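Taking it in order: structure first as structure tokens, then the write-up.
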Amino acid sequence: ACQTIFTNGTRKLLLPNGYSQVSFPNGDTKEILADGRILYHYAGSDITQITKGQKETFFFSNSQLECHSEDGSKEIYFADDSAKFISASGMEYNILPDGQIYRVTKNAGGGIIDTIN
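For reference, each letter of the sequence shown is one residue, going -6 to 110 in the working numbering.
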């Protein structure tokens, strides 16, 4: 194991298996796992981001979960069991806890909401 402490207080730990961890003075941490995943914890906002290739997953302290895909699409799950799906082309669908689905279409004057079911 090799540990480096930088003059600004940042600490970097490297292990022979490819694992590394960086601890920043603001409390943020970044870990790079041997399988290539990157885990970043934003201390100030208590958000954890996991990156694998171009896919990012965010875990929020309020139980919100977001998945951002390589193609630009997003899935967002909220603590109240509602969800939002945004396609790569920008089409947005919202699913409410009661199962109602809404499609949101953007236009120059704002959004138009269509009920699907």
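Idealized CB from N, CA, C, for every residue including glycine. Bear in mind that the values here come from a model prediction, so they are computed numbers and not experimental data.
Nearest neighbour of residue i, chosen from the options [CA to CA]
i: Thr3; options: Cys(-5), Asn19, Asn10 and Gln42; result: Asn19
i: Ile40; options: Asp73, Thr98, Asp28 and Ser56; result: Ser56
i: Phe53; options: Glu63, Gln93, Ile69 and Gly46; result: Ile69
i: Gly46; options: Ala36, Leu7 and His61; result: His61
i: Asp72; options: Asp64, Ala81, Leu89 and Gly83; result: Sequence check: residue 72 is Ala here, not Asp. Nearest of Asp64, Ala81, Leu89 and Gly83 to Ala72, Cα basis: Leu89.
Separation of residue j from residue i, as counted between CA atoms
i: Leu32; j: Asn1; result: 22 Å
i: Lys67; j: Ile79; result: 5 Å
i: Asn87; j: Ser16; result: 37 Å
i: Lys23; j: Gln93; result: 39 Å
i: Met84; j: Tyr35; result: 29 Å
i: Arg96; j: Gly29; result: 36 Å
Cross-strand partners of residue i (DSSP beta bridge)
i: Ser14; result: Note that residue 14 corresponds to Gln in the displayed sequence, not to Ser. DSSP, once it has assigned bridges, lists Leu6 and Glu24 as partnering Gln14.
i: Phe52; result: Thr41 and Leu58
- Item | Segments of 3+ residues assigned as beta strand (DSSP E) that fall wholly inside the region 61 to 96 | Every beta strand (DSSP E) of 3 residues or more that sits fully in the region 61 to 96 is shown, in chain order, as 67 to 70, 76 to 79 and 85 to 88.
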